[in-house]
Each structure stands twice: as structure tokens, then as C-alpha cells.
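To start, the structure under review is shown below, and the notes come after it.
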Amino acid sequence: MHELVIEPGRAELHYWRDIWRFRELLYFLSQRDVLVRYKQTALGVAWAVLRPVLTMAVFVAFRRVTKITDTSMPDAILVFSALLPWQFFSNSLTEASSSLITNTNLISKVYFPRVLIPASAVVTSLIDFLIMLVLLGVLMAWYHFLPGWQILLLPAFTFLTFCLSVGIGLLLAALNVEYRDFRYIVPFIVQFGLFISPIAFETSAVPAKWRLLYSLNPLVGIVDGFRWSILRGRTSLDPVTLGLSLATTCTFLTLGLWYFRRTERSFADVI
Numbered sequence: 040m041h042e043l044v045i046e047p048g049r050a051e052l053h054y055w056r057d058i059w060r061f062r063e064l065l066y067f068l069s070q071r072d073v074l075v076r077y078k079q080t081a082l083g084v085a086w087a088v089l090r091p092v093l094t095m096a097v098f099v100a101f102r103r104v105t106k107i108t109d110t111s112m113p114d115a116i117l118v119f120s121a122l123l124p125w126q127f128f129s130n131s132l133t134e135a136s137s138s139l140i141t142n143t144n145l146i147s148k149v150y151f152p153r154v155l156i157p158a159s160a161v162v163t164s165l166i167d168f169l170i171m172l173v174l175l176g177v178l179m180a181w182y183h184f185l186p187g188w189q190i191l192l193l194p195a196f197t198f199l200t201f202c203l204s205v206g207i208g209l210l211l212a213a214l215n216v217e218y219r220d221f222r223y224i225v226p227f228i229v230q231f232g233l234f235i236s237p238i239a240f241e242t243s244a245v246p247a248k249w250r251l252l253y254s255l256n257p258l259v260g261i262v263d264g265f266r267w268s269i270l271r272g273r274t275s276l277d278p279v280t281l282g283l284s285l286a287t288t289c290t291f292l293t294l295g296l297w298y299f300r301r302t303e304r305s306f307a308d309v310i
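If you read the sequence shown in our numbering, its first letter stands for residue 40, the second for the next number, and so on.
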């Protein structure tokens, strides 16, 4: 049983320790979000499978219509391996950005590290990611496409996606409390990001003179990493592109944590 001590500045002093103390709250918030997301839906968790499958079908059709199909690899696996990090990131961004607004009553009544709320939204999206990972395994078995040793690095790329999602999610969640206009901006960011990320095509298809600028999108290096690890290294993985993704992810994570902590005190008053 924890002793509750109320004194000026104590919450700030023990903030990161409190995150560990309230770790069970992260579990319960994530569990609640999963139940609420699929509650009273006709297909339930099947939506976690249908959405990426339908998106994959659209991009596979696009590749064949535009005749950019690579005969050495199945289009379905090539596209789906890119959708894995994209769906995880986009779902995390959407849920985390509105998480503080949807938990207004909890924020205004009880003390706990507020960072747990957007973090729980990212953890919830991780569950959908794991479902998609199982679906990828089914696809690879269907096409008799076995992974190589590169698959061992997939957890590292997943962790990189998680950090990017947390960083941008914290930043947008804090901004959404103060400026409610961001609830309209986030869907545009997600939709725009889908088209500027290498989902239907490979990064190598981008003209060389624009590739460095294109690689400033942190998802480029992440998507390339996922494809490289899943497709036995048959796709390119530029160290410069990967390095830019790593640097951008660290920047967003640092900026997100800094801005969230800077504005956290005023959440209960503004929200």
C-alpha cells in the first residue's frame, strides 16, 4: 500500500518514478480502449484484419495497373510489409492525439502521470499490429515465402515505430488540448502521410536527386527496414535513409516529451 504525501513540487520530483508506480493503470487504460473500440460492432476485432486487407488490395491493384509489379516478389507481401508499420503509426497517431480530450473526467479528478493516457493509445494500436503480424505470417505461408535471418531485426524496427508514434502522439495530444483545431488537422496528416510514404512502391523508385529530401519522412527508413527484414534483404535499405529516420524519431520523441511535460500542469484547467 502506497502512502500519499501532498507537498509542493513532489509530483514534479517523483514524476518518472510515479510512471512505474502507476504502470497497472497503463494496462487497464489499454484494455478499456480495446473493449471500447470494438464494442457494439458487428464484426468486432475482424475490423483489425479487414482494414489492412482492403488497403492492401487497393495498393496491389494500383501496382498492377501502373505496371510497377516486381515479379521476383509477391505484390501482396511487398505491400503488406509496408502497411505493418504504417497502420501501427497512423492508428497510434489518431488515437493518441484525441486521448486527453476523451479522458477529460479522469484528468480533472485524479492525479497520475498524464503521459500514460496517450501511451496507452499507442499500446492499444500495438495489439492491432500483432494481429496484422499474424496475418502477414498467413500470407507468407500462402506464397511459400520463408523469411531469412533479417527477420531477427524486425523487433528493432517495430520499436523504432513505437518511439516515433509516442513522440508525435504526445506532441499532438498536448497541442489538441490547447488548440482544438488539431482534431481536424490530424486526419489530414494521416491521409497525406499515406501518399508520401513508400507503401505502393519502393524508395528506390524515387529519383536519386530527390531521395535525400524524401528520406526526411521518418517512415521511409522504417518502411524500408520492415521490407528488408521481411523480404530476406531483397529490397534496398540505405544506411543514410535509416539514419535519418532514427535521428528524426529521436527528435520527435524528445520534442514530444518536452512539450507534453511543459504543458501538462495546465491540462486540468484548459480541458
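Ideal placement from N, C-alpha and C gives every residue a C-beta, glycine not left out.
Owing to the predicted nature of the structure, the values given are computational and were not obtained by experimental measurement.
> Between the Cα of T293 and the Cα atoms of G208, L270, L251, I224, which residue gives the shortest distance?
Replying inline: G208
> Taking the C-alpha atoms as reference points, what is the distance between V279 and F151?
Replying inline: Their backbone Cα atoms lie some 40 Å apart in a straight line.
> If you pair each beta-carbon of the region 162–177 with each one of the region 247–264, do three or more pairs fall below 8 Å?
Replying inline: No: fewer than three Cβ pairs fall under 8 Å.
>> Quick check on DSSP: helix, strand or coil for G232?
In response: Note: G232 maps to helix in three-state DSSP.
>> Is L65 close to chain D? Criterion is C-beta to C-beta, closer than 8 Å.
In response: In summary, chain D is missing from the structure at hand, where a single protein chain is found.
> Using CA coordinates, which residue listed in R266, I107, V154, F221 is at the minimum distance from L68?
Replying inline: V154
>> So, under 8 Å CB-CB, S138 and I156 are touching, yes? Tell me the CB distance rounded to an integer number of Å.
In response: Separation of the CB atoms of S138 and I156 is rounded to 5 Å, and the pair is thereby assigned contact status at 8 Å.
> Are there 16 or more other CB atoms within 10 angstroms of the CB of P246, so buried, or fewer, so exposed?
Replying inline: A residue is called buried when at least 16 other Cβ atoms come within 10 angstroms of its Cβ; P246 does not meet this threshold and is exposed.
> Under a three-way DSSP split, which group does N142 fall into?
Replying inline: coil
>> Can you tell me whether F196 sits near the ligand GTP, meaning its C-beta is under 7 Å from at least one heavy atom of the ligand?
In response: The ligand GTP is not part of this structure, which contains no ligands at all.
>> Could you compute how far the alpha carbon of A160 sits from the alpha carbon of V75?
In response: 12 Å
> According to the neighbour-count rule (16 or more other Cβ atoms, all chains shown, within 10 Å of its Cβ), is Y197 buried or exposed?
Replying inline: It should be noted that the sequence gives Thr, not Tyr, for residue 197. It counts as buried.
>> Quick check on the DSSP output: what are the complete alpha helix (DSSP H) runs of length 4 or more inside the region 244–284, in order along the chain?
In response: 247–253, 257–269
>> Suppose only complete runs of 4+ residues qualify. What are the alpha helix (DSSP H) ranges in the region 85–116, listed by chain order?
In response: Runs found: 86–104.
>> Taking the alpha-carbon of F101 as reference, which of D114, K148, A286 has the nearest alpha-carbon?
In response: Nearest C-alpha to F101 among D114, K148, A286: D114.
> Contact check, A9 vs L211 under 8 Å by CB: the rounded distance?
Replying inline: What the structure shows of the chain is the stretch from 40 to 310, and residue 9 is not part of that stretch, so it cannot be assessed.
> Mind checking I89: buried by the 16 CB within 10 Å criterion, or exposed?
Replying inline: The question names Ile, but residue 89 is Leu in the sequence shown. Under this definition L89 is an exposed residue.
>> Rounding to the nearest angstrom, what Cα-Cα distance links L203 and S147 in this structure?
In response: Straight-line measurement puts the Cα of S147 at about 28 Å from the Cα of L203.
> With distances taken from CA atoms, which of L93, I58, V97, D57 is nearest F240?
Replying inline: Closest by alpha carbon: V97.
> DSSP three-state call for L185: helix, strand or coil?
Replying inline: In the structure shown, L185 falls within a coil segment according to DSSP collapsed to helix, strand and coil.
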